[in-house]
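The next block holds one structure in the form of structure tokens; read it before the comments.
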Amino acid sequence: MLARLRLLLELIRFSHTIFALPFALLSAVLAWRGQTVRWQELVGILLCMLFARSAAMAFNRLVDRDIDAENPRTAGRHIPAGLISVRAVTIFTLLTSLAFIASTLLFLPNRWPLYLSVPVLLFLLGYSYAKRFTIWCHYWLSTALMLSPLAAWIAIRGSLSLEPILLGAVVFFWVGGFDIIYACQDVHFDQDKRLSSIPSRWGIKKALRFAMFSHLMTIVCLFSLWYVAALGIPFLIAVLAVAGLLIYEHLLVNPDDLGRVNLAFFHVNAVISIGLFFVGLIDVWLA
3 MLARLRLLLE LIRFSHTIFA LPFALLSAVL AWRGQTVRWQ ELVGILLCML FARSAAMAFN
63 RLVDRDIDAE NPRTAGRHIP AGLISVRAVT IFTLLTSLAF IASTLLFLPN RWPLYLSVPV
123 LLFLLGYSYA KRFTIWCHYW LSTALMLSPL AAWIAIRGSL SLEPILLGAV VFFWVGGFDI
183 IYACQDVHFD QDKRLSSIPS RWGIKKALRF AMFSHLMTIV CLFSLWYVAA LGIPFLIAVL
243 AVAGLLIYEH LLVNPDDLGR VNLAFFHVNA VISIGLFFVG LIDVWLA
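Numbering (our numbering), first residue to last: 3 to 289.
Given below as structure tokens:
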């Protein structure tokens, strides 16, 4: 059973939870300012993030299993390689989906998380089909992740305001940009299989420029968040550091050398998400 659990965690890339979870927690920290922290809200955010992402990733692996089997880069994934059965992943997807919906009950008497749970889950699962019909699939993914800070704020406050919208915009442009970079690895395969993506439609050079523009908008939204949320000098320094890291990310990757995409994708972006959360937490605490 432990071996099966380990394989499932590998299947859903559990470690990649660090991309969205810190932004949900940062949104919660901002939403709690001037309010009493309810610990069940924190537990609810953690569980909802865990189960929603697990369901979405497992469903993605189910939907893409035939494509993954044909792509040399992904042929070793668990389902094509026969390490986990389709039945097991299907059951896992159903259980985590139900667990996500059930976790929203922790926010009662605020019923908005429960009301929104099914539409949000359907949108997350829908991403798995996006590459089959739109080059903007990268921004379907980024929209799915931007829902995390919006949902965390709604779960705590029961409404929306400009702060979580700006934080969501940060996630939207940031994730969209680095997913375009990541998709450059499969440009020839996607073109051959007629799968849609910005690199497969416009080529790697133009795709990297588009990703750069997306990350420029990330910085603009971060500065706007710093100003609107009345954050302090620590967060401003973090914004400048993120700008430097995004520049470094683009220096790592060029159209003729995609060998360092994984370094740019995982390590740099992990530092950005975790770093922004901790600096935001410290900033709010100092204030």
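Beta carbons: idealized from backbone N, C-alpha and C, even for Gly. Keep in mind it's a predicted model, so treat the numbers as computed, not measured.
Beta-carbon contacts of Ala289 that lie in its chain and below 7 Å, excluding the five residues immediately before and after:
Counting only Cβ-Cβ distances below 7 Å, and skipping sequence neighbours, we find Gly234.
Is the beta carbon of Ser105 closer than 7 Å to that of Phe53?
In terms of Cβ geometry, Phe53 and Ser105 form a close pair [threshold 7 Å].
In whole angstroms, what separates the C-alpha of Leu254 from that of Leu248?
Their backbone Cα atoms lie some 10 Å apart in a straight line.
Ignore the nearest five residues each way along the sequence and tell me which others in Leu49's own chain have a CB closer than 6 Å to its CB.
Ser105, listed in sequence order.
Classify Asp68 as helix, strand or coil using the three-state DSSP reduction.
In the structure shown, Asp68 sits in a helix (DSSP, three-state: H, G or I).
Cβ atoms of Pro236 and Asp194: under 7 Å apart, would you say?
In this structure, Asp194 lies away from Pro236, with their beta-carbon atoms at least 7 Å apart.
For chain D, is any of its Cβ atoms less than 7 Å away from the one on Leu9?
Among the chains in the structure shown there is no chain D, since it carries only a single protein chain.
Span of the alpha helix (DSSP H), counted from its first residue to its last, around Phe215:
Start and end: Ile206 to Val230.
Strand pairing of Asn256, partner residues [DSSP]
In DSSP, Asn256 forms a bridge with Asp259.
Closest to Arg35 by CA distance: which of Ile158, Tyr141, Ile20 and Arg75 is it?
Out of Ile158, Tyr141, Ile20 and Arg75, Ile158 has the C-alpha closest to the C-alpha of Arg35.
Taking only runs that begin and end inside the region 58-130, name each unbroken alpha helix (DSSP H) of 4 or more residues, in chain order.
Correct list: 67-72, 88-105 and 114-128.
Using 8 Å as the Cβ pair cut-off and three pairs as the minimum, do the region 156-174 and the region 192-208 touch?
Contact between the region 156-174 and the region 192-208 is absent, because fewer than three Cβ pairs lie under 8 Å.
How many Å lie between Gly160 and Leu124 at the Cα?
Going from the Cα of Gly160 to the Cα of Leu124 covers about 21 Å.
Assigned secondary structure, Thr38 (DSSP; H/G/I helix, E/B strand, else coil):
Looking at Thr38 - three-state DSSP - the assignment turns out to be coil, as it is neither helix nor strand.
Which listed residue (Ile276, Val230 and Pro257) has its alpha carbon closest to that of Ala240
Selected option, being the one with the closest Cα: Ile276.
With a Cβ-Cβ cutoff of 7 Å, do Ala58 and Ser99 count as a contact?
One thing to note: Ala58 has its Cβ no nearer than 7 Å to the Cβ of Ser99.
Quick one, which of Met51, Pro74, Asn73 and His80 has its alpha-carbon nearest Leu64's?
Nearest option by C-alpha distance: His80.
Chain-order list of residues whose beta-carbon lies under 6 Å from that of Ile103 (same chain, five-residue window excluded)
Around Ile103: Ser119.
Classify Thr220: buried if its beta carbon has 16 or more other beta carbons within 10 angstroms, exposed otherwise.
Around the beta-carbon of Thr220, 16 or more other beta-carbon atoms lie within 10 Å, marking it buried.
By DSSP, does Thr136 sit in helix, in strand, or in coil?
Here Thr136 carries a coil assignment [DSSP, helix/strand/coil].
Span separating the alpha-carbon of His140 from that of Arg113
If I take the Cα positions, the gap works out to 31 Å.
Run through DSSP, which three-state label would Leu233 get?
DSSP places Leu233 in coil when its eight states are reduced to three.
Just to check my reading of the structure: Phe279 and Leu28 have Cβ atoms closer than 8 Å, yes? What is that Cβ distance to the nearest angstrom?
Contact holds; Cβ gap of about 5 Å.
Among Ala77, Leu162, Leu126 and Ala146, which residue has its Cα nearest to the Cα of Leu32?
With distances taken between Cα atoms, Leu32 lies closest to Leu162.
Going by DSSP, what residue range makes up the alpha helix (DSSP H) through Arg8?
DSSP places Arg8 inside the alpha helix (DSSP H), whose first and last residues are Leu4 to Leu13.
Given this structure, state the Cα-to-Cα distance separating Ala232 from Ala153, to the nearest angstrom.
Roughly 21 Å separates the two Cα atoms.
Can you name, in chain order, every residue of its own chain whose Cβ lies under 7 Å from the Cβ of Asn271, other than the five neighbours on each side?
Listed in chain order, the non-local C-beta contacts of Asn271 below 7 Å within the same chain comprise Phe21 and Phe180, local neighbours out to five positions each way being set aside.
Quick one: what's got a C-beta closer than 8 Å to Phe192's C-beta in the same chain, skipping five residues either side?
It should be pointed out that residue 192 corresponds to Asp in this sequence rather than to Phe. Cβ within range, chain order: Lys133, Ala185, Ser198, Ser199, Pro201 and Ser202.
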